[in-house]
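Undergrad: My questions will all concern the structure given below.
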Amino acid sequence: MRICSLLPSATEIVFALELGDDLVGVSYACDYPEEAASRPVVSHSLRNIKHLDSGEIDALVQQARANNNPMYWIDEELLARLRPDLIITQELCEVCAIASGSVFETAAKVLDYQPEILTIRPMGLDDILQNVTNVANAAGVPERGRELRRSLEARVNRVTDGVPADSQRPRVVCLDWLDPLRNTGQWLPEISEMAGGEEGLAIPRGHSRELSWDEVREYAPEYLMIMPCAFGPERSRQEAQDKLTVLPGWEDLPAVRDGRAFVFDGRIPSRHGPRVVDVLEGLAEVMHPGQFAGLAPQGVFDPKPFV
172 MRICSLLPSA
182 TEIVFALELG
192 DDLVGVSYAC
202 DYPEEAASRP
212 VVSHSLRNIK
222 HLDSGEIDAL
232 VQQARANNNP
242 MYWIDEELLA
252 RLRPDLIITQ
262 ELCEVCAIAS
272 GSVFETAAKV
282 LDYQPEILTI
292 RPMGLDDILQ
302 NVTNVANAAG
312 VPERGRELRR
322 SLEARVNRVT
332 DGVPADSQRP
342 RVVCLDWLDP
352 LRNTGQWLPE
362 ISEMAGGEEG
372 LAIPRGHSRE
382 LSWDEVREYA
392 PEYLMIMPCA
402 FGPERSRQEA
412 QDKLTVLPGW
422 EDLPAVRDGR
432 AFVFDGRIPS
442 RHGPRVVDVL
452 EGLAEVMHPG
462 QFAGLAPQGV
472 FDPKPFV
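Going from the sequence shown to our numbering is simple: count from 1 and add 171.
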């Protein structure tokens with residue numbers, strides 16, 4: 172089996188299924204586990220955004236949308252040489268990875284056979300777990316998929332069973348972007364509530380949306396989770412320092428005042444792979460340290476409150 176994964180979350184699933192040796196191609200953003208970076212890069216970003224802040228990146232994205240310009244391209248010659256049996260793509264966010272329509276079109280153009288193309292489009296945690304099953308089945312290792320899914324479900328149940336039933340649900344805001352402010356969507360509001368919080372400004376399984384600062388101040392979150400999409404921990408912390416601390420009334424937010432604002436590694440929550448359960452454990456640990464101290468894998472979030 173020769174597998175080509177064009178999105179980081181699918182690459183993480185492939186490695187979690189112990190199929191790393193079968194992975195012959197990845198996207199430019201596939202960086203976990205570290206071994207993924209050694210694979211040939213099939214899909215590339217048309218723009219180098221690593222040096223840009225969130226406001227500058229948003230401006231580029233809006234410009235591309237307004238002009239109907241693509242953000243990614245596929246190395247057609249490389250794809251033809253790799254001859255994958257299975258290509259994994261997505262139909263969820265054109266900002267995060269190349270869309271499935273372009274993949275189908277390119278495969279039909281450059282390959283003289285029809286590979287299996289698996290399209291992923293999760294909205295909730297159950298969809299993510301089902302994608303584990305779908306990838307395993309498509310790769311011919313259904314039992315590995317069942318084992319991985321059972322282990323992930325056991326960890327989810329440990330959290331949901333451990334959240335005190337009589338505890339008051341604190342108001343939570345999880346920020347997916349900082350300039351402009353955006354909350355999280357899809358699976359993240361859902362797992363935030365599974366971890367014991369109340370995401371009053373977001374809709375579980377719904378789309379991320381832009382927030383006004385007045386909305387956030389009026390909601391007065393008791394916990395603030397800072398997790399800008401695809402930003403590592405250092406970059407996330409610097410963005411928060413530059414974009415959030417200068418906002419009027421920042422220090423008056425209950426979450427900030429009480430030392431309950433936390434920075435997450437934004438590369439993990441935005442990916443719909445096995446590590447979404449790491450994020451669930453991190454959220455539970457933040458909100459219920461007595462029950463879940465040390466539960467989340469190291470590096471998911473900075474345990475030192477952000478002020």
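Just so it is clear, CB atoms sit at the ideal spot from N, CA and C, and this is done for glycine as well.
Quick caveat, the model's predicted, so the values are computed rather than measured.
How is F402 classed by DSSP in three states: helix, strand or coil?
TA: Three-state DSSP puts F402 in coil, outside helix and strand.
Undergrad: Can we say the stretch 441-450 touches the stretch 178-191, given the rule of at least three CB pairs closer than 8 Å?
TA: Touching, yes, given that three or more Cβ pairs across the two stretches are closer than 8 Å.
Undergrad: Do the stretch 197-211 and the stretch 328-346 make contact, defined as three or more Cβ pairs closer than 8 Å?
TA: Touching, no.
Undergrad: Using DSSP with H/G/I as helix, E/B as strand and the rest coil, what is D347?
TA: Three-state result, D347: strand.
Undergrad: I need the boundaries of the alpha helix (DSSP H) containing E287, first residue and last residue.
TA: Counting along the chain, E287 falls outside any alpha helix (DSSP H), though it belongs to the beta strand (DSSP E) covering 287-291.
Undergrad: Measure the C-alpha to C-alpha separation of L349 and G226 and round it to an integer number of angstroms.
TA: Roughly 8 Å between the two C-alpha positions.
Undergrad: Are three or more beta carbon pairs between the stretch 333-343 and the stretch 457-470 nearer than 8 Å?
TA: Because the criterion of three Cβ pairs below 8 Å is met, the stretch 333-343 and the stretch 457-470 touch.
Undergrad: Rounding to the nearest angstrom, what Cα-Cα distance links I245 and R236 in this structure?
TA: When rounded, the distance between both Cα atoms is 19 Å.
Undergrad: In the DSSP assignment, the beta strand (DSSP E) including T355 goes from what residue to what residue?
TA: Here T355 belongs to no beta strand (DSSP E), and DSSP marks it neither H nor E.
Undergrad: Round the Cβ separation of C222 and Y199 to the nearest angstrom and send it over; I've been treating them as touching at under 8 Å.
TA: Before going further, note that residue 222 is His rather than Cys in the sequence given. That belief does not hold up - the Cβ atoms of H222 and Y199 are roughly 15 Å apart, past 8 Å.
Undergrad: Which one of P375, G430, L346, K414 has the shortest CA to CA distance from A401?
TA: Closest option to A401, Cα to Cα, is L346.
Undergrad: For the beta strand (DSSP E) containing A196, name the first residue and the last one.
TA: Reading off the sequence, residue 196 comes out as Gly, not Ala. Looking at the DSSP string, the run of the beta strand (DSSP E) that includes G196 is 194-198.
Undergrad: Report the CB separation of V343 from P392 in whole angstroms; it is logged as a contact under 8 Å.
TA: About 6 Å; that satisfies the 8 Å criterion.
Undergrad: In terms of alpha-carbon separation, which member of I439, L466, P474, E456 lies closest to Y203?
TA: Answer by Cα proximity: I439.
Undergrad: Tell whether a beta-carbon distance below 9 Å holds between E287 and L319.
TA: No.
Undergrad: Report yes if the CB atom of E370 is closer than 9 Å to the CB atom of S379, and no otherwise.
TA: Cβ atoms of E370 and S379: not closer than 9 Å.
Undergrad: Okay, do the stretch 448-455 and the stretch 464-477 touch, 3+ Cβ pairs below 8 Å being the bar?
TA: With the cut-off at 8 Å, the stretch 448-455 and the stretch 464-477 touch.
Undergrad: Please go through the stretch 287-330 and give each complete beta strand (DSSP E) segment of 3 or more residues, from N-terminal end onward.
TA: Counting whole runs of 3 or more residues, the stretch 287-330 contains the beta strand (DSSP E) stretches 287-291.
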